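Asker: If you scroll down you'll find the structure; I have some questions about it.
In this note's numbering, the protein residues as written are 2 to 477.
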């Protein structure tokens, strides 16, 4: 375990401070199928590892000093792990276990030392009736988990699990009455109160734009057949639509970018902030076009006429205490290049015929709105990230939330011996950029998108370099 102290002084008042950086031992993950950073559980920092048929947990103290590793003695049958998730004092493994004519949904509860607390069979289903290929969604308070599975064209199977009681609360097959071909699934969420919200979109193409609409379902126990709330959107096409819940103010937010024909360009953003108790009422979308001054701030004085944001996507939404919200977007583009190497052109004999893939993760944009939908402020946060053939695993940013401001952490460049920077944004939209640390001589390649916030001023970031994994803890 290494310890680095970085003390940075700035004239700007909120930037006066110190960072302590802790680095774990080297972990060889060459044979790992998957590893999951669980963060802080009890008094330990846990790392779950899936190495072929072996599942294990690596245990570190709060200073990332390695304590020991423990194999998790699970069933030897072929199992499908749906989710591994931490809680305050335990961590849970939710998985499906196939039998001859049925399959079981099981949960193992482990404590922070890797000892088994409980093993629960949550449900058993016939393999003829229901497939075992479930997906999941977790509530904001991490106390409810929904497994969902599309059984038929317009029928879904939902399994609601209480992670505090370690039991299945209810399960239903629900007909979504207007779900049919030509309708595209967008998002699914569950609330802390076990309500399910599903968003579909119909006719999102320029040839059938007159029928373009969103279909929002509100599903709960014993609902039977479900009828959607229809939200028309006939003038534009949508791009990158999201669904999220404001638990404190009991609102559901639909938000996305809109365009005309060019799907890489967006002319503004749309949203609908709907009280949950009024979700069945008639609802309409609010459109906010990007202003010319904002576009000029983003692109500078360009000689060509620009009236849109190109290759931007919504990455995060953060709610205020009073029901307003902030959304953050980021530019992301993949560029496929053919190679001049003739041996790479023939995929039947040699390599990958597509050549190289370039990844661009560049400037961020951030908008603040009040609870009535008025736009209060907007900002451009500049960064430039470029990489090749790495699935952009070291690019983008991590959002840390504190009561007084947002922290956006990112690699300045995608290379070894790199500088890490952050933007600090306060509730009024004031922003400041500063350097956090330098990885020179430490052989770190930080994956900020896989980070976990473990306190108001602490984050753990995985670093992966040449199949060697390190955990890095940054304390502000």
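Note that beta-carbon positions come from the ideal geometry of N, C-alpha and C, so glycine has one too. This one's a predicted model, so the numbers in the text were calculated from it and none came from an experiment.
Let's see if you can read the secondary structure: which residues bound the alpha helix (DSSP H) around residue 296?
Answerer: Locating residue 296 in the chain shown gives position 295, counting from the first residue. Unbroken alpha helix (DSSP H) run through residue 296: 293 to 300.
Asker: Looking only at DSSP bridge pairs, what is residue 375 linked to?
Answerer: Numbered from its first residue, the chain shown carries residue 375 at position 374. Looking at the DSSP assignment, residue 375 forms no beta bridge with any residue, so it has no partner.
Asker: Near residue 151, which residues of its chain fall below 7 Å by C-beta distance, leaving aside the five closest residues on each side in sequence?
Answerer: For the purposes of this step, residue 151 is identified with residue 150 of the chain shown, where counting begins at 1. Once the five neighbours on either side are set aside, the close Cβ partners of residue 151 are 157.
Asker: Report all residues from its chain with a CB closer than 7 Å to the CB of residue 83; omit the five preceding and five following residues, and keep chain order.
Answerer: Position 82 of the chain shown holds residue 83. The answer, listed in chain order, is 95, 96, 97, 135, 137 and 148.
Asker: Going by DSSP in three states, residue 322 sits in which element: helix, strand or coil?
Answerer: For the purposes of this step, residue 322 is taken as the residue at position 321 of the chain shown. Coil at residue 322, not helix or strand.
Asker: Taking Cβ positions, are residue 118 and residue 155 nearer each other than 8 Å?
Answerer: In the chain shown, the residue the question calls residue 118 occupies position 117. In the chain shown, the residue the question calls residue 155 occupies position 154. Contact: no.
Asker: Please work out which residues of its chain come closer than 8 Å, Cβ to Cβ, to residue 216, disregarding the five sequence neighbours upstream and downstream, and give them in chain order.
Answerer: Residue numbering aside, residue 216 sits at position 215 when the chain shown is read from its first letter. Around residue 216: 179, 180, 184, 200, 201, 202, 203, 229, 230, 231 and 232.
Asker: Go ahead and pull the three-state DSSP assignment for residue 212.
Answerer: On the chain shown, residue 212 is found 211 positions in, with the first residue counted as 1. Looking at residue 212 - three-state DSSP - the assignment turns out to be helix.
Asker: Cβ atoms of residue 377 and residue 406: under 8 Å apart, would you say?
Answerer: Here residue 406 corresponds to residue number 405 of the chain shown, with the count starting at 1. Here residue 377 corresponds to residue number 376 of the chain shown, with the count starting at 1. No, Cβ-Cβ distance for residue 406 and residue 377 is not below 8 Å.
Asker: From 131, 79 and 144, pick the residue whose C-alpha is nearest to that of residue 87; which is it?
Answerer: Position 86 of the chain shown, counted from the first residue, corresponds to residue 87. Minimum Cα distance to residue 87 is reached at 144.
Asker: So is residue 198 buried or exposed if we call it buried at 16+ other beta carbons inside 10 Å?
Answerer: As a working mapping, residue 198 is identified with position 197 in the chain shown. Buried, by the Cβ-count rule.
Asker: Measure the Cβ-Cβ separation of residue 293 and residue 259 and say whether it is below 8 Å.
Answerer: Sequence index remark: in the chain shown, residue 293 carries index 292 (1-based). Sequence index remark: in the chain shown, residue 259 carries index 258 (1-based). No, these two residues do not count as a Cβ contact at 8 Å.
Asker: Which word fits residue 330, buried or exposed, when buried means at least 16 other C-beta atoms lie within 10 angstroms of its C-beta?
Answerer: Here residue 330 refers to the residue found at position 329 of the chain shown. Its Cβ being crowded by 16 or more others within 10 Å, residue 330 is buried.
Asker: Do residue 360 and residue 335 come within 8 Å of each other at the CB atom, strictly closer than that value?
Answerer: Within the chain shown, the letter at position 334 stands for residue 335. Within the chain shown, the letter at position 359 stands for residue 360. Yes. Within cutoff.
Asker: Quick one: residues in its chain with C-beta nearer than 8 Å to the C-beta of residue 214, no 5 flanking neighbours on either side, listed in chain order?
Answerer: Here residue 214 refers to the residue found at position 213 when the chain shown is read from its first residue. So the qualifying residues of the chain are 202, 203, 204, 231, 232, 233, 234 and 235.
Asker: Which partner residues of residue 463 appear in the DSSP bridge assignment?
Answerer: Within the chain shown, residue 463 is the residue found at index 462, counting from 1. Its beta-bridge partners are 472.
Asker: Just how far apart, CA to CA, sit residue 444 and residue 23?
Answerer: Stepping through the chain shown from its first residue, residue 444 is reached at position 443. Stepping through the chain shown from its first residue, residue 23 is reached at position 22. Each residue's Cα considered, the two are about 14 Å apart.
Asker: Quick check: the Cα distance between residue 42 and residue 421, rounded to an integer number of angstroms?
Answerer: Within the chain shown, the letter at position 41 stands for residue 42. Within the chain shown, the letter at position 420 stands for residue 421. Rounded to whole angstroms, residue 42 to residue 421 spans 27 Å at the Cα level.
Asker: Let me check one thing: in DSSP terms, what residues is residue 81 bridge-paired to?
Answerer: Here the question's residue 81 lines up with position 80 in the chain shown. Note: residue 81 sits in a beta bridge opposite 97.
Asker: Could you give the first and the last residue of the continuous beta strand (DSSP E) run that contains residue 69?
Answerer: Here the question's residue 69 lines up with position 68 in the chain shown. Looking at the DSSP string, the run of the beta strand (DSSP E) that includes residue 69 is 67 to 72.
Asker: I need the boundaries of the beta strand (DSSP E) containing residue 115, first residue and last residue.
Answerer: In the chain shown, counting from the first residue as 1, residue 115 sits at position 114. Element bounds for residue 115: n/a, residue is neither H nor E.
Asker: Put residue 380 into one of helix, strand or coil per three-state DSSP.
Answerer: Counted from its first residue, the chain shown places residue 380 at position 379. Reduced to three states, the DSSP call for residue 380 is strand.
Asker: Is residue 49 closer than 8 Å to residue 85 when the C-beta atoms are compared?
Answerer: Sequence index remark: in the chain shown, residue 85 carries index 84 (1-based). Sequence index remark: in the chain shown, residue 49 carries index 48 (1-based). For residue 85 and residue 49, yes; Cβs fall inside 8 Å.
Asker: Jot down the residue ranges of each uninterrupted beta strand (DSSP E) in the region 124 to 153, minimum 3 residues, whole runs only, in chain order.
Answerer: Runs of the beta strand (DSSP E) inside the region 124 to 153: 136 to 139 and 145 to 153.
Asker: Determine the DSSP secondary structure at residue 279, reduced to helix, strand or coil.
Answerer: Locating residue 279 in the chain shown gives position 278, counting from the first residue. The answer is helix: DSSP assigns residue 279 an H, G or I state.
Asker: Compare the C-alpha of residue 25 against each of 212, 60 and 415 and name the closest.
Answerer: Within the chain shown, the letter at position 24 stands for residue 25. Looking at the Cα atoms, 60 is the closest of the given residues.
Asker: Check this for me: beta carbons of residue 32 and residue 46, under 8 Å apart or not?
Answerer: Residue numbering aside, residue 32 sits at position 31 when the chain shown is read from its first letter. Residue numbering aside, residue 46 sits at position 45 when the chain shown is read from its first letter. The answer is no: Cβ separation not under 8 Å.
Asker: In this structure, does DSSP put residue 105 in helix, strand or coil?
Answerer: Working through the chain shown from its first residue, we reach residue 105 at position 104. In this structure, residue 105 counts as strand in the three-state DSSP scheme.
Asker: Residue 415 and residue 395 look like a contact to me (Cβ under 8 Å); what is the Cβ gap, rounded to whole Å?
Answerer: On the chain shown, residue 415 is found 414 positions in, with the first residue counted as 1. On the chain shown, residue 395 is found 394 positions in, with the first residue counted as 1. Contact flag correct, Cβ pair sits at about 5 Å.
Asker: Quick check on the DSSP output: the beta strand (DSSP E) that includes residue 358 runs from which residue to which?
Answerer: Counting from 1 along the chain shown, the entry for residue 358 is found at position 357. Unbroken beta strand (DSSP E) run through residue 358: 357 to 370.
Asker: Helix, strand or coil: how does DSSP classify residue 352 here?
Answerer: Stepping through the chain shown from its first residue, residue 352 is reached at position 351. Confidence is the limiting factor: at residue 352 the pLDDT is only 44, short of 50, which leaves the residue's position unreliable, though a coordinate-based value still follows. Residue 352: coil per DSSP, three-state reduction.
Asker: May I have the straight-line CA-CA distance separating residue 224 from residue 175, to the nearest angstrom?
Answerer: As a position in the chain shown, residue 224 is number 223, starting the count at 1. As a position in the chain shown, residue 175 is number 174, starting the count at 1. For residue 224 and residue 175, the distance between alpha carbons rounds to 8 Å.
Asker: From residue 69 to residue 114, what distance separates their C-alpha atoms?
Answerer: Translated into positions along the chain shown, residue 69 becomes position 68. Translated into positions along the chain shown, residue 114 becomes position 113. Taking the straight line joining both Cα atoms gives about 9 Å.
Asker: Could you tell me the alpha carbon to alpha carbon distance between residue 403 and residue 433, rounded to whole angstroms?
Answerer: As a working note, residue 403 is residue 402 in the chain shown. As a working note, residue 433 is residue 432 in the chain shown. Residue 403 and residue 433: Cα-Cα distance of roughly 15 Å.
Asker: Helix or strand or just coil, what does DSSP make of residue 235?
Answerer: The residue given as residue 235 occupies position 234 in the chain shown. If DSSP states are grouped into helix, strand and coil, residue 235 belongs with coil.
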